[in-house]
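Written out below as structure tokens is the structure these notes cover.
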Amino acid sequence: MKKEAAAARHTVDKIKRQAVDVHGKILKKQKPSLKFPLRSLSNVKYDPKHGYLEMRGRKKERTLTVSTVKTFAQTLRMMALSKELVEQDDIATKREAYYVSKNWEECRFLEQTESDTVMDDVEALFEVNREQLGFIPEEKGGEVAGKLFILDKDSDSGKTLRIDCTKFGSGAYSIPISVEHLKFETDAKFILAIETAGMFQRLVKHNYWKRANCVLVSMGGVPTRACRRFIRRLADFKKIPVFVFVDGDPYGISNIYRTLKVGSGNAAHLNEYFCVPQATFLGITPQDIVDYKLPTHPLKDVDIKRARDAIKNDPFFQHHKKWVAAMEHLLKMGVRAEQQALAKHGLNYVIDQYLPEKLAHPERFLP
Amino acid sequence: MAKLAAKKTTRRREHERKPAGKSVRPQAARSQMKLFEEAAPAPAPEMAARPVKQAKPAKVPKTATPPRRETAESLASRQREISVSEFFTKNRHLLGFDNPAKALLTAIKEAVDNSLDACEEAGILPSLEVTIREVSEERYRIMVSDNGPGIVKQQIPKIFGTLLYGSKFHVLKQSRGQQGIGISAAGMYSQLTTGKPVKIISRTSKGKPAHVYEIQIDTRKNAPEVITEGVVDWPHEHGTSVEMELQASYKKGRRSVDDYIAQTALANPHAEVVYTDPKGEEFRYPRLAQELPREPVAIKPHPYGVELGVLMKMMKETRSRNLRGALQADFSRVSGKVADEIAGAAGLRAEARPKSLTPGEVERLFKAIPTIKIMSPPTNCLSPIGDVMILEGLGKAVPGCDFYTAVTRTPAVYRGNPFQIEAGLAYGGPLPGDELTDLWRFANRVPLQYQQAACAITRSAILNDWKNYGLQQARGAVPTAPMVLFVHMASAWVPFTSESKEAIASYPEIVKEIRLALQECGRRLGAWLRHRRRVEDAEKKRSYIEKYIPHIGIALREILGFTAKEEVKVVETLKDTLERSRAI
Chain A
8 MKKEAAAARH
18 TVDKIKRQAV
28 DVHGKILKKQ
38 KPSLKFPLRS
48 LSNVKYDPKH
58 GYLEMRGRKK
68 ERTLTVSTVK
78 TFAQTLRMMA
88 LSKELVEQDD
98 IATKREAYYV
108 SKNWEECRFL
118 EQTESDTVMD
128 DVEALFEVNR
138 EQLGFIPEEK
148 GGEVAGKLFI
158 LDKDSDSGKT
168 LRIDCTKFGS
178 GAYSIPISVE
188 HLKFETDAKF
198 ILAIETAGMF
208 QRLVKHNYWK
218 RANCVLVSMG
228 GVPTRACRRF
238 IRRLADFKKI
248 PVFVFVDGDP
258 YGISNIYRTL
268 KVGSGNAAHL
278 NEYFCVPQAT
288 FLGITPQDIV
298 DYKLPTHPLK
308 DVDIKRARDA
318 IKNDPFFQHH
328 KKWVAAMEHL
338 LKMGVRAEQQ
348 ALAKHGLNYV
358 IDQYLPEKLA
368 HPERFLP
Chain B
59 MAKLAAKKTT
69 RRREHERKPA
79 GKSVRPQAAR
89 SQMKLFEEAA
99 PAPAPEMAAR
109 PVKQAKPAKV
119 PKTATPPRRE
129 TAESLASRQR
139 EISVSEFFTK
149 NRHLLGFDNP
159 AKALLTAIKE
169 AVDNSLDACE
179 EAGILPSLEV
189 TIREVSEERY
199 RIMVSDNGPG
209 IVKQQIPKIF
219 GTLLYGSKFH
229 VLKQSRGQQG
239 IGISAAGMYS
249 QLTTGKPVKI
259 ISRTSKGKPA
269 HVYEIQIDTR
279 KNAPEVITEG
289 VVDWPHEHGT
299 SVEMELQASY
309 KKGRRSVDDY
319 IAQTALANPH
329 AEVVYTDPKG
339 EEFRYPRLAQ
349 ELPREPVAIK
359 PHPYGVELGV
369 LMKMMKETRS
379 RNLRGALQAD
389 FSRVSGKVAD
399 EIAGAAGLRA
409 EARPKSLTPG
419 EVERLFKAIP
429 TIKIMSPPTN
439 CLSPIGDVMI
449 LEGLGKAVPG
459 CDFYTAVTRT
469 PAVYRGNPFQ
479 IEAGLAYGGP
489 LPGDELTDLW
499 RFANRVPLQY
509 QQAACAITRS
519 AILNDWKNYG
529 LQQARGAVPT
539 APMVLFVHMA
549 SAWVPFTSES
559 KEAIASYPEI
569 VKEIRLALQE
579 CGRRLGAWLR
589 HRRRVEDAEK
599 KRSYIEKYIP
609 HIGIALREIL
619 GFTAKEEVKV
629 VETLKDTLER
639 SRAI
């Protein structure tokens, strides 16, 4: 508890220091300005020793002028709201914050995307996690099944809860929004992170985790921060590898896998915590499409653009020659294959053939 | 009967919808046809048949000599003179009668031109009445009357019943009419399409009777045929009234008679016009200027503008006995010294008898003229409207605009003809912003409605780069802006591209002058637009500051917890800082 209070004080101090700076400039008849780190792939670098996309430190300065006055005022009001939330130990979802702004007269946000952008700006400005600012996302964290006990606390009694992830039947454990306080007990050999809920359901239904002695995590598309943090803490805690099983397309590779392993370009100041550097890519690889004669669909224009962008601008892919080759292979074939394309060879082909064959050679996984 | 008439009408309409061929058809081949009935068919079917005719001879074996179908004698038996009236009966498009809507406009225009010219020549402030009445579908009766000097009795039939009969052709002076074709051609069209004569009432003074004539044209003889004549009671002290019935169609919008009348009033601020449209609605255009425009003076031709044929004719017809005297007397700006220089450059004696110059000598004379520096022609033959009157007229014609301006250029010369360009514009207000600029063209105070694309005014407006003045302009088009552009060319001889006087020919000197006038208007508009934008920006800036700065105060107070007094200070200081900064 003490630690949390200290973190809260720390956040409030940061907000106050920024406000004092703005206030001082105004009194000196100067135009105040805010310095934001540039939030884009062009402002990140990749060092495999660190294992995540790091900020290069380029900043954009937003000076208060007539044309920026609206966003500037909104940013300051968002900071004031954050300070209030943190001091009162309260939270607001992104959507709630948007509705709070409706009290701000002309300053109100017209769409939630506007308030989300300002919130991301404030987060980057202070280089903190938005949870530390009192804002929480609505998104679901992901689902877990397998040989794992999760130690959580009962919010009323404060007693430790020991959650058995084998006892959810055909259902699964939901990753909460904050995972920092969780502890784990497991003797699983690895974590299998899966893109689609459909594939996760198949593996859960047939108790694949029992056969392979692993923990199954459904990411449901691009993994949320909570999901990334959960996998990272579990993998660090038990020193077990993480294998990623996604669709064989630029979205699965570049958006889902890359974000899980090394974080995002948009909130790079947080990547240090929200990344899983030990993750490796099980499939579907471009070579799998050939080897397993998978049924495919042609790459769409957005897929092609995404793949080219990864080769050209993404420091992670640029660092790994194997990935550049794999992406080029995919572009050359001009097709994509989904995880569930394996069903062509039989519904349980993935359990009986594909996964065992792949897992026999983890050294062949893409980095 | 009614059924028959209706059938006829539709057939005629079909003809007129076909593209009007500009080709002049062989007259001899058609001489046996009856005039009134045969003039209407459009040349289209014949044109379609032409390629087949050309294809035929190719199939004839080359070795066989084709039999002679005609002999010089048999041809000669059918060769005869074609009267001007006959020629124009069959080529009415040359005079602006190619479709019913245009015919209505042209007929009114010719009558109005004559009325205004007559009033001005007599020194009378013109008062015109224009009335259109719908007789039946596609048939209208028009009446144009003026308070001019009137026409003496004997001249009435000739003026309205003869083509190419007029007072202006041989005089180099700014006037609306030129050739003496217009009003008689309108009468001929009326006669052709309705069979009714033209009715003229004219009175020369209070003490004299008002004569009334009904006249038709004998197209073969190009001579008037008086149907009735007499004397009537007429309320006006002096003036002339022309009335005719014609097949026509009345439309609203661009190129309409309504627009023509409004623009005529704009270009003739000294005239009063009362116009009654076919629905019986009356439009009054009051007199804006109480003085007549300066009377244009007739000038002699300038040597730079003369053509070889004309020069030969002038040398034959001159009254002077020697070349020096002929050049000096028959041209403007030629002094004895200049005449000697021209003669010298041509290798001719200044004392030579002009009448006995050989064609080769006249050609040398012709080639010598451009090598001698001759003073520009006098410009007192011009009568511009004047920028003040254009401004006032635009204000009346397009009321409620945000910006008006007008420019009158100093006179310039093309091919020895003095001319003067005036331009004006009205911007904003009720005008539509997403449409092309409305271009109003005038020549000697006459609005030009058709053939916009062929006109030097349009070309100049397109060539001008309006983006410089903050307007949008697509390639090869006039600017897209809420704007009316006014351009007037005054000249002793306006170079029209055709006899129907719809477009001004693009002489480089004319295009240049129009562009200079438009550029001046454009610069003034641009300056005004920039000023307005600055004012708007400043306004927007102020409103932004008023709206959002207080929120910065609120946020800082919430974060730092200072007093309401401090908040006011922060807000006031910041407002002050931003208002003083120029950046937007």
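Heads up: the sequence lines are chains A and B, in that order. With this note's numbering applied, the first sequence corresponds to residues 8 to 374, in that order. With this note's numbering applied, the second sequence corresponds to residues 59 to 642, in that order. Built from N, CA and C at the ideal position, the CB exists for glycine as well. Please read these numbers as outputs of a predicted model, since none were measured by experiment.
Residue of B:433, B:374, B:401 and B:405 minimising C-alpha distance to residue 414 (chain B): Among B:433, B:374, B:401 and B:405, the Cα nearest to that of residue 414 (chain B) belongs to B:374.
Sequence-distant residues of its chain with Cβ nearer than 6 Å to residue 34 (chain A) (five each side left out): Within the same chain, no Cβ atom closer than 6 Å to the Cβ of residue 34 (chain A) is found once the five residues on either side in sequence are excluded.
Inter-residue spacing [alpha-carbon to alpha-carbon] between residue 396 (chain B) and residue 366 (chain B): Those two C-alpha atoms are separated by around 19 Å.
Simplified DSSP assignment, three categories, for residue 471 (chain B): Here residue 471 (chain B) sits in strand by DSSP.
Span separating the alpha-carbon of residue 104 (chain B) from that of residue 289 (chain B): Any reading at residue 104 (chain B) must be qualified, since the residue scores a pLDDT of 40, below 50, and its modelled position is unreliable; no value is offered.
Segment limits, alpha helix (DSSP H) that includes residue 516 (chain B): Membership of residue 516 (chain B) in the alpha helix (DSSP H) is indicated by the continuous run 514–521.
Buried or exposed by the 16-neighbour rule on C-beta atoms within 10 Å, applied to residue 206 (chain A): The residue is buried, with at least 16 neighbouring Cβ atoms inside 10 Å.
Reduced DSSP secondary structure (H/G/I, E/B, other) of residue 82 (chain B): Any reading at residue 82 (chain B) must be qualified, since the residue scores a pLDDT of 40, below 50, and its modelled position is unreliable; the value itself is stated next. Of the three classes helix, strand and coil, the one that applies to residue 82 (chain B) here is coil, per DSSP.
Beta carbon of residue 195 (chain A) nearer than 8 Å to that of residue 155 (chain A): When the beta-carbon positions are compared, residue 195 (chain A) and residue 155 (chain A) come within less than 8 Å of each other.
Cut-off 6 Å between Cβ atoms - residues of its own chain near residue 333 (chain B), not counting five sequence neighbours on either side: The residues are 188, 319 and 341.
Distance, residue 524 (chain B) Cα to residue 402 (chain B) Cα: Separation of residue 402 (chain B) and residue 524 (chain B) (C-alpha to C-alpha, rounded to the nearest whole angstrom) is 49 Å.
Whole-angstrom distance between residue 475 (chain B) and residue 380 (chain B), CA atom to CA atom: Computed Cα separation, rounded: 26 Å.
Contact between the segment 462–476 of chain B and the segment 418–437 of chain B (3+ Cβ pairs under 8 Å): The segment 462–476 of chain B, when compared against the segment 418–437 of chain B, does touch it at the 8 Å Cβ threshold.
Distance, residue 322 (chain A) Cα to residue 274 (chain A) Cα: Cα to Cα, the separation comes out at about 15 Å.
Anticipated Cβ contact below 8 Å, residue 358 (chain A) with residue 158 (chain A), distance rounded: About 30 Å; that fails the 8 Å criterion.
Extent of the continuous beta strand (DSSP E) run through residue 158 (chain B): Element bounds for residue 158 (chain B): not the beta strand (DSSP E) but the alpha helix (DSSP H), 158–180.
Exposed unless 16 or more other CB atoms sit within 10 angstroms - verdict on residue 589 (chain B): Exposed is the call here.
Below-8 Å beta-carbon distance, residue 623 (chain B) vs any chain A residue: Among the CB atoms of chain A, none fall inside 8 Å of the CB of residue 623 (chain B).
Cutoff 8 Å: residue 628 (chain B) Cβ touching any chain A Cβ: Residue-level contact check: residue 628 (chain B) touches chain A, since one or more beta carbons of chain A fall below 8 Å from its beta carbon.
For residue 483 (chain B) and residue 27 (chain A), the rounded distance between their alpha carbons: Answer to the nearest angstrom: the Cα atoms are 56 Å apart.
Amino acids of chain B, ordered along the chain, whose beta-carbon sits closer than 9 Å to that of residue 330 (chain A): Chain order gives no chain B residues near residue 330 (chain A), where near means a beta carbon separation below 9 Å; the closest approach is about 45 Å.
Under 7 Å by beta carbon: chain A residues contacting residue 605 (chain B): From the beta-carbon of residue 605 (chain B), the residues of chain A found nearer than 7 Å are 113.
Neighbouring residues, chain B, relative to residue 207 (chain A) (Cβ below 9 Å): For residue 207 (chain A), none of the residues of chain B pass the 9 Å Cβ criterion, the least Cβ distance being about 45 Å.
Within 8 Å, strictly: CB atoms of residue 426 (chain B) and residue 404 (chain B): Yes; because the gap between Cβ atoms is below 8 Å, this pair is in contact.
With 16 other Cβ atoms within 10 Å as the buried cut-off, status of residue 301 (chain B): Around the beta carbon of residue 301 (chain B), a 10 Å sphere encloses 16 or more other beta carbons of the protein chains shown; the residue is thus reported as buried.
Selection from A:102, A:141, A:29 and A:122 that minimises the alpha carbon distance to residue 11 (chain A): The closest CA to that of residue 11 (chain A), considering only A:102, A:141, A:29 and A:122, is found on A:141.
Against chain B: residues of the segment 49–68 of chain A by CB proximity under 8 Å: For the segment 49–68 of chain A, the set of positions with a beta-carbon nearer than 8 Å to some beta-carbon of chain B is empty.
6 Å CB neighbourhood of residue 349 (chain A) in its chain, flanking five on each side removed: Cβ neighbours of residue 349 (chain A) within its own chain (closer than 6 Å, five residues either side excluded): 356, 357 and 361.
8 Å Cβ cutoff, residue 538 (chain B) in contact with chain A: Answer no: the Cβ-Cβ gap between residue 538 (chain B) and chain A never drops below 8 Å.
Residue 5 (chain A) to residue 265 (chain A) span [Cα, whole Å]: The requested residue 5 (chain A) does not occur in the structure, where chain A is confined to residues 8 to 374.
Distance, residue 373 (chain A) Cα to residue 113 (chain A) Cα: If I take the Cα positions, the gap works out to 51 Å.
Backbone CA spacing between residue 223 (chain A) and residue 342 (chain A) [nearest angstrom]: C-alpha separation (whole angstroms): 28 Å.
Min CB distance residue 83 (chain A) to chain B below 8 Å: Interface residue, yes.
Contact set between residue 86 (chain A) and chain B, taken where Cβ atoms lie within less than 8 Å: In chain order: 613 and 617.
Candidates B:545, B:489 and B:172, of which the one nearest residue 217 (chain B) by Cα: Closest by alpha carbon: B:172.
Residue 599 (chain B): contacting residues in chain A (beta-carbon distance under 8 Å): In chain order: 73.
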